[in-house]
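Colleague:
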Amino acid sequence: MPSATEARASGPGTDRHRGPPGLHGFPPGHHRVPPTPSPLSAPAADGPPAPPRASTVPRYDYFPYRSDFGESPRLRYIPAVNRIPWHVERAVSHSLSSHRAARGRRRRRAEGPEALRRLLPRALVVAFLAGGTTAFIAHDKAVRITVDGIPRTLHTFAGDVDELLADEHLAIGAHDLVAPAPGTGLSSGDEVVVRHGRPVVLTIDGQRRQVWTTEDTVAGALHQLGVRAEGAVLSASRSRRIEQHGMELAVRTERSVVIVADGREHRVRTNAATVREALAEAGLALRDQDTTSVPPDSFPHEGQTISVMRITGSKEVHEEPVPFRTIRRADPGLARGTVAVVQQGRPGVRRVTYRVRTVNGVRQKPKRLHTEVVHAPRPQIVHLGTKELPASVRGADHLAWHALAQCEARGRPHAVDASGTYGGLYQFDVATWRALGGRGRPQDAPAREQTYRAKKLYISRGASPWPVCGRKLHG
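What the sequence shown shows, in this note's numbering, is residues -13 to 461, in sequence order.
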């Protein structure tokens, strides 16, 4: 008699699930597997197992069946009437698991000494690497370094700042800044700042000098150098970057100057580079020959007083005499001490052009511009006697010659009468003088020669040449 399951399976509408089994007991290929999972695939719950539910599957079902230990379960086609009870399968599975665990323990005990020999070198290597890694980690430091404003974080084994700079190939010069100082020890988390020095050719109000700065902008450099640049004019923008090779920078500060022009004083605050620019800022201009008390292109300094000079000028021409020169020559034919003018000198004439200026209305000393000779001067020629005269003249030495000279010329050797005909101590005329051997004019001869020539005249003519004063010779 058919079972209840078979009775339900043979109900109406179930004929499509039936059919003869296929090869090896599997259903034919067109047989559809019901979606109900196998009871063996569900996890076991705590407490006593529940009785199996009445199956609603057809006559032929799939059940998981382990064909060999260690393999995945395969679906085996088993008739429903021959299904393995669930508690039997659970007991079998537990027994198989215990068997596999015992077999693994026996295999490990058998292989223990050999496995230990194989694992010992590996353990030593691991221990060595673990110790090296510990030392490696202990000496490694994370340090932040900022070079010329550019920060970065790096890992280093350097013990101090010097080693860190050497590792990073950073050369430090005399004008560079390093903080903290070289030689300072390093710890993880420290920060090192390096600023390279930059040369700056700085010109402040015309004074030029070279300085060094570790700042990388014009504004920073001025602040570091202590330059007060408020209101100053700079040759470069304050935000301009200073490259490591340096730059040139000119600073013109604001100054106060006093300008005196046209009788008035003008006080000006200026950044001008030249006096001329300061005049322009004050509304003053230089015209024609105008100038200033200091060069117009010079630099105006703080507190300086500058005077504007209004200049007018003209040219003047004058004729002036050119003095002649005197030529003196020795003459052995003249008595020693005799000076004879052989040629009278004559002055020349020259034409001179002057520039005449007036400064603020005051005439200045003329300045000679050009000279032209109109007539050349004629030199004066003078002969100087070198002849020695006799000491005396026989027959005339005993006479009173000084009394005669006093009477004729009042004792003056260079005396000349009113007519200009007679001259000297004894009032010779030129003809008589030359007849006695004299040269030139008698009044130009020395007194000794005049007395000698007078004695010779007395020997030849007596006292007649002196009709009035001749009697003085005797008495």
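Positions of the beta carbon are idealized from the N, C-alpha and C atoms, including for glycine.
What's the C-alpha gap between Gln275 and Val342?
Modeller: Position 289 of the sequence shown, counted from the start, is the residue given in the question as residue 275. Position 356 of the sequence shown, counted from the start, is the residue given in the question as residue 342. Between Gln275 and Val342, the C-alpha separation is close to 12 angstroms.
Colleague: Among the residues of its own chain, which have a CB less than 6 angstroms from the CB of Leu363, if the five just before and after it don't count?
Modeller: Mapped onto the sequence shown, residue 363 falls at position 377. The identity of residue 363 in the sequence shown is Pro, whereas the question assumes Leu. Hits under 6 angstroms: Val308, Phe310, Pro333, Gly334.
Colleague: Let me check one thing: in DSSP terms, what residues is Phe414 bridge-paired to?
Modeller: Numbered from 1 along the sequence shown, position 428 holds the residue referred to as residue 414. Paired residue(s): Gly409.
Colleague: Suppose contacts are defined by Cβ-Cβ distances below 8 angstroms. Is Val178 in contact with Leu150 by that definition?
Modeller: One-based indexing of the sequence shown puts residue 178 at position 192. One-based indexing of the sequence shown puts residue 150 at position 164. Yes, they are a contact pair.
Colleague: Can you tell me whether Lys301 is buried or exposed? The criterion is at least 16 other CB atoms within 10 Å of its CB, across all chains shown.
Modeller: The residue you call residue 301 lines up with position 315 of the sequence shown. By the neighbour-count rule (16 or more Cβ atoms within 10 Å), Lys301 is not buried but exposed.
Colleague: For Ala417 versus Gly410, is the C-beta spacing smaller than 8 angstroms?
Modeller: Residue 417 sits at position 431 when you count from the first residue of the sequence shown. Residue 410 sits at position 424 when you count from the first residue of the sequence shown. No, these two residues do not count as a Cβ contact at 8 angstroms.
Colleague: Just reading off the beta strand (DSSP E) that His304 is part of, what are its end residues?
Modeller: Residue mapping note: residue 304 aligns to position 318 of the sequence shown, counting from 1. First-last of the beta strand (DSSP E) with His304: 297 to 308.
Colleague: Where does Gly118 land, buried or exposed, given buried means 16+ other C-beta within 10 angstroms?
Modeller: Residue mapping note: residue 118 aligns to position 132 of the sequence shown, counting from 1. Confidence at Gly118 is low in this model, with a pLDDT of 49, below 50, so the placement of that residue should be treated as unreliable; the coordinate-derived value is given next. By the neighbour-count rule (16 or more Cβ atoms within 10 Å), Gly118 is not buried but exposed.
Colleague: Excluding the 5 residues preceding and the 5 following Ala386 in the sequence, name in chain order all residues of the same chain whose CB lies nearer than 8 angstroms to its CB.
Modeller: The residue labelled residue 386 in the question sits at position 400 within the sequence shown. Taken in chain order, the residues that qualify are Lys458, Leu459, His460, Gly461.
Colleague: Looking only at its chain, what residues have a beta carbon closer than 7 angstroms to the beta carbon of Ala215, apart from the 5 residues adjacent to it on each side?
Modeller: Residue mapping note: residue 215 aligns to position 229 of the sequence shown, counting from 1. Only Leu208, Val237 meet the Cβ criterion.
Colleague: If you count every other CB in all the chains shown that lies within 10 Å of the CB of Glu201, and 16 or more means buried, which is it?
Modeller: Mapped onto the sequence shown, residue 201 falls at position 215. That one is buried.
Colleague: Measure the alpha-carbon distance for Trp419 versus Glu306 and round it to whole angstroms.
Modeller: Within the sequence shown, the letter at position 433 stands for residue 419. Within the sequence shown, the letter at position 320 stands for residue 306. When rounded, the distance between both Cα atoms is 39 angstroms.
Colleague: Report the rounded CA-to-CA distance for Ala433 versus Val338, giving the unit in angstroms.
Modeller: Taking the first residue of the sequence shown as 1, we reach residue 433 at position 447. Taking the first residue of the sequence shown as 1, we reach residue 338 at position 352. So the two alpha carbons sit approximately 45 angstroms from each other.
Colleague: Kindly identify the DSSP beta-bridge partner or partners of Lys127.
Modeller: Residue 127 sits at position 141 when you count from the first residue of the sequence shown. Lys127 pairs with Thr142.
Colleague: So, using beta-carbon positions, are Val261 and Ile297 closer together than 8 angstroms?
Modeller: As a working note, residue 261 is residue 275 in the sequence shown. As a working note, residue 297 is residue 311 in the sequence shown. Against a cut-off of 8 angstroms, the Cβ pair of Ile297 and Val261 comes out as no contact.
Colleague: Below 8 angstroms on the Cβ atoms is my guess for Ser225 versus Thr189; work out the distance and round it to an integer in Å.
Modeller: Translated into positions along the sequence shown, residue 225 becomes position 239. Translated into positions along the sequence shown, residue 189 becomes position 203. Actually they are not in contact, since the Cβ atoms of Ser225 and Thr189 sit about 20 angstroms apart, beyond 8 angstroms.
Colleague: Over what stretch of residues does the alpha helix (DSSP H) that includes Glu435 continue unbroken?
Modeller: Taking the first residue of the sequence shown as 1, we reach residue 435 at position 449. 433 to 447 is the extent of the alpha helix (DSSP H) around Glu435.
Colleague: Given Arg39, which residues of its chain have a CB within under 6 angstroms of its CB, disregarding the five upstream and five downstream residues?
Modeller: Mapped onto the sequence shown, residue 39 falls at position 53. At Arg39 the pLDDT is 47, less than 50, meaning the model places this residue with poor confidence; the figure from the coordinates comes in the next sentence. Excluding sequence neighbours, Arg39 sits near nothing in its chain.
Colleague: Determine the burial state of Val187: buried for a count of at least 16 other Cβ atoms within 10 Å of its Cβ, exposed for fewer.
Modeller: In the sequence shown, residue 187 corresponds to position 201, counting from 1. Looking at its Cβ environment, which holds fewer than 16 other Cβ atoms inside 10 Å, Val187 is exposed.
Colleague: Within a Cβ cutoff of 6 angstroms, which residues of the same chain sit near Gly56, ignoring the five residues on either side of it in sequence?
Modeller: On the sequence shown, position 70 is the one that residue 56 refers to. Residue placement at Gly56 is poorly supported in this model, since its pLDDT is 44, which falls under 50; the coordinates are not used for a value here.
Colleague: Would you give the residue range spanned by the alpha helix (DSSP H) that Leu265 belongs to?
Modeller: Here residue 265 refers to the residue found at position 279 when the sequence shown is read from its first residue. Start and end: 261 to 267.
Colleague: Expressed to the nearest angstrom, what Euclidean distance is found between the alpha-carbon atoms of Arg138 and Lys127?
Modeller: Mapped onto the sequence shown, residue 138 falls at position 152. Mapped onto the sequence shown, residue 127 falls at position 141. Using only the alpha carbons, I get a separation of about 14 angstroms.
Colleague: Measuring straight from C-alpha to C-alpha, what distance separates Ala268 and Ile292?
Modeller: Taking the first residue of the sequence shown as position 1, residue 268 is located at position 282. Taking the first residue of the sequence shown as position 1, residue 292 is located at position 306. When rounded, the distance between both Cα atoms is 12 angstroms.
Colleague: Gln290 bridges to which residues according to DSSP?
Modeller: Taking the sequence shown and counting its residues from 1, one reaches residue 290 at position 304. In the DSSP output, where bridge partners are listed per residue, Gln290 has none listed.
Colleague: From which residue to which residue does the alpha helix (DSSP H) around His209 run?
Modeller: Taking the first residue of the sequence shown as position 1, residue 209 is located at position 223. It spans 204 to 211 - the alpha helix (DSSP H) in which His209 sits, taken as one unbroken run.
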